[in-house]
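In this note's numbering, the protein residues as written are 3 to 456.
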């Protein structure tokens, strides 16, 4: 086989956890009691001119860097793919097995032992499936399903901050305060970017899309579901009228401040479990399918990967704050906690104590994969739409999108000015722990790698 020829293969592996598994993503722990739809690790492996790379999209909330680094090392042993050329991302569905402690939600040790082999297998199978291929890039705007969830509120609304004790000037998800909303405080990215992959025989291999929308979450606690990400994967396969060897994927874009809870027009979506996620996933698939008809296929795309790790400092409580929060933790009843304004203070007191115990810095992965005339960026955190739009605007190539929660989970990384407003995404804790200027450092590093890749 010609080693300079572009090759691609895809595969998916069922990663559905058993009933009883911990589910994270909420302030408290939940347990899997009902499986609505299966979860998957979906992998695309590409090769050209001696370079091998893999993109894996996993139906899970978040995965820590050390967990993924071990998986990548084993993938290298079994496939020869350099860990720096592997992008493994979380869709961020909040209805999946847990491999990370989030607030009072624990990591499930049994699932942590089970999941790595399944992710590895998806890449091994995808590599076994590689064959001569061609690629095409496309995009379509779907603005109706992305809403900024950070709101400026009218006079009279107090947005409490459980860390500082002061009032924020922005409220994230103002449930119960809809009548006091002034306006959304932030921009959205309406674009669905996608990379389509076919064999040179014109048979479909894969399509990976990217949308800057948080999970939908229209299900009861205790449910296992791939959310709208899974709906899209199923619907794009159906609408393209392809076989079971096709692997469709929806990755999470720069959605740190974006969701689909429409507080100003709550009646515009159907009620009932899964109705909204089914509508949204199907709608995106329909629009992408129409846009696929306009693809200009590249029969000889080049492949190049750039990767770096940044050392970034953490925000931590000072000595006085730590002493006060330790006292609160000692007097709190976490075992029977229900979440309200008062218990949020106790929850975040625990966050300060646990955050203080972490190292003072972390390694933040930044990645750029050039495939033909397009580039996929990878960032290991929940990034705001403003940052994603900046990267698209400044990218030297038209075909560009950012996959978030890729290769790590460093929590929320708001633009520095957002810290002036406050709001949930800025509250210091293990889910928002980087120094306030981290966003600028990270986006500039990714743009540098993008420019180096062309």
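Backbone N, C-alpha and C fix where the C-beta goes; we use that ideal spot for every residue, glycine too.
Whole-angstrom C-beta distance between residue 382 and residue 412, which should lie under 8 Å: Here residue 412 refers to the residue found at position 410 when the chain shown is read from its first residue. Here residue 382 refers to the residue found at position 380 when the chain shown is read from its first residue. For a cut-off of 8 Å, the C-beta gap from residue 412 to residue 382 is around 6 Å, short enough to register as a contact.
Pull the bridge partners of residue 135 from the DSSP assignment, please. Along the chain shown, one-based indexing puts residue 135 at 133. BP columns for residue 135 point to 201.
Pick out whichever of 77, 118 and 84 has its Cα sitting closest to the Cα of residue 66. Here residue 66 is taken as the residue at index 64 of the chain shown, counted from 1. Here the closest residue by C-alpha is 118.
Determine contact between the stretch 36 to 54 and the stretch 219 to 231, defined as no fewer than three beta-carbon pairs at a distance below 8 Å. Yes, they touch.
What are the start and end residues of the beta strand (DSSP E) that includes residue 184? Indexing the chain shown from 1 puts residue 184 at position 182. Unbroken beta strand (DSSP E) run through residue 184: 183 to 186.
Extent of the continuous alpha helix (DSSP H) to which residue 236 belongs: Residue mapping note: residue 236 aligns to position 234 of the chain shown, counting from 1. For residue 236, the enclosing alpha helix (DSSP H) stretches over residues 229 to 242.
Which whole-angstrom value describes the C-beta separation of residue 350 and residue 164, a residue pair presumed to lie in contact below a C-beta threshold of 8 Å? Within the chain shown, numbered from 1, the residue matching residue 350 stands at position 348. Within the chain shown, numbered from 1, the residue matching residue 164 stands at position 162. 4 Å between Cβ atoms; contact.
Judging by CA-CA distance, which residue of 52, 177, 281 and 96 is the nearest neighbour of residue 30? Here the question's residue 30 lines up with position 28 in the chain shown. If we check each option's Cα against that of residue 30, 96 comes out closest.
Would you tell me roughly how many angstroms separate the C-alpha atoms of residue 295 and residue 284, rounded to the nearest one? Sequence index remark: in the chain shown, residue 295 carries index 293 (1-based). Sequence index remark: in the chain shown, residue 284 carries index 282 (1-based). So the alpha carbons of these two residues sit roughly 18 Å apart.
Residues of its chain near residue 3, where Cβ-Cβ distance is below 6 Å and the 5 sequence neighbours each way are ignored: Position 1 of the chain shown holds residue 3. The predicted position of residue 3 is uncertain, since its pLDDT is 49 and thus under 50; a value taken from the coordinates is nonetheless stated next. Answer for residue 3: no residue qualifies.
Suppose the cutoff is 7 Å on Cβ atoms and the five residues either side in sequence are ignored; what does the same chain contact list for residue 155 look like? Sequence index remark: in the chain shown, residue 155 carries index 153 (1-based). Cβ within range, chain order: 161, 173, 176, 179, 182, 183 and 184.
Anticipated Cβ contact below 8 Å, residue 70 with residue 409, distance rounded: For the purposes of this step, residue 70 is taken as residue 68 along the chain shown, with counting starting at 1. For the purposes of this step, residue 409 is taken as residue 407 along the chain shown, with counting starting at 1. With 8 Å as the limit, residue 70 and residue 409 qualify as a contact, their Cβ atoms being about 6 Å apart.
Please list the segments of the beta strand (DSSP E) lying wholly inside the stretch 355 to 432, counting only runs of 3 or more residues, in order along the chain. Complete beta strand (DSSP E) runs here, min 3: 363 to 373, 376 to 381 and 401 to 406.
Which residue marks the beginning of the beta strand (DSSP E) containing residue 49, and which one marks its end? On the chain shown, residue 49 is found 47 positions in, with the first residue counted as 1. It spans 42 to 50 - the beta strand (DSSP E) in which residue 49 sits, taken as one unbroken run.
Measure the alpha-carbon distance for residue 431 versus residue 12 and round it to whole angstroms. Sequence index remark: in the chain shown, residue 431 carries index 429 (1-based). Sequence index remark: in the chain shown, residue 12 carries index 10 (1-based). When the Cα atoms are used, residue 431 and residue 12 turn out to be separated by approximately 38 Å.
Below 8 Å on the Cβ atoms is my guess for residue 9 versus residue 133; work out the distance and round it to an integer in Å. By 1-based counting over the chain shown, the position of residue 9 is 7. By 1-based counting over the chain shown, the position of residue 133 is 131. A Cβ-Cβ distance of about 6 Å is found for the pair residue 9 and residue 133, placing them in contact under the 8 Å criterion.
Where residue 321 falls: helix, strand or coil (DSSP): On the chain shown, position 319 is the one that residue 321 refers to. In this structure, residue 321 counts as helix in the three-state DSSP scheme.
From 358, 402, 341 and 345, pick the residue whose C-alpha is nearest to that of residue 369; which is it? Position 367 of the chain shown, counted from the start, is the residue given in the question as residue 369. For residue 369, the closest of 358, 402, 341 and 345 by C-alpha to C-alpha distance is 402.
Tell me which residue opens and which closes the alpha helix (DSSP H) that residue 490 is part of. Since the first residue of the chain shown is 3 and the last is 456, residue 490 is not available in this structure.
Beta-carbon separation (whole angstroms), residue 59 vs residue 253, contact threshold 8 Å: By one-based count along the chain shown, residue 59 stands at place 57. By one-based count along the chain shown, residue 253 stands at place 251. That pair is a contact at about 5 Å.
Coil, strand or helix - residue 327 by DSSP: Counting from 1 along the chain shown, the entry for residue 327 is found at position 325. Helix at residue 327.
Look at the Cβ atom of residue 363, then the Cβ atom of residue 445, and state whether they are nearer than 8 Å. Counting from 1 along the chain shown, the entry for residue 363 is found at position 361. Counting from 1 along the chain shown, the entry for residue 445 is found at position 443. No, they are not a contact pair.
Quick check: what's the CA-CA separation for residue 2 versus residue 219? The requested residue 2 does not occur in the structure, where the chain is confined to residues 3 to 456.
Looking at the unbroken alpha helix (DSSP H) that takes in residue 461, where does it start and where does it end? There is simply no residue 461 to check, as the chain begins at 3 and stops at 456 in what is shown.
Cβ-based neighbour list, residue 188, same chain, cut-off 6 Å, excluding 5 preceding and 5 following: As a first step, residue 188 is located in the chain shown; it is residue number 186 there, counting from the start. If you ignore the 5 residues before and after residue 188, its C-beta comes within less than 6 Å of the C-beta of 150, 152 and 259, all in its own chain and listed in chain order.
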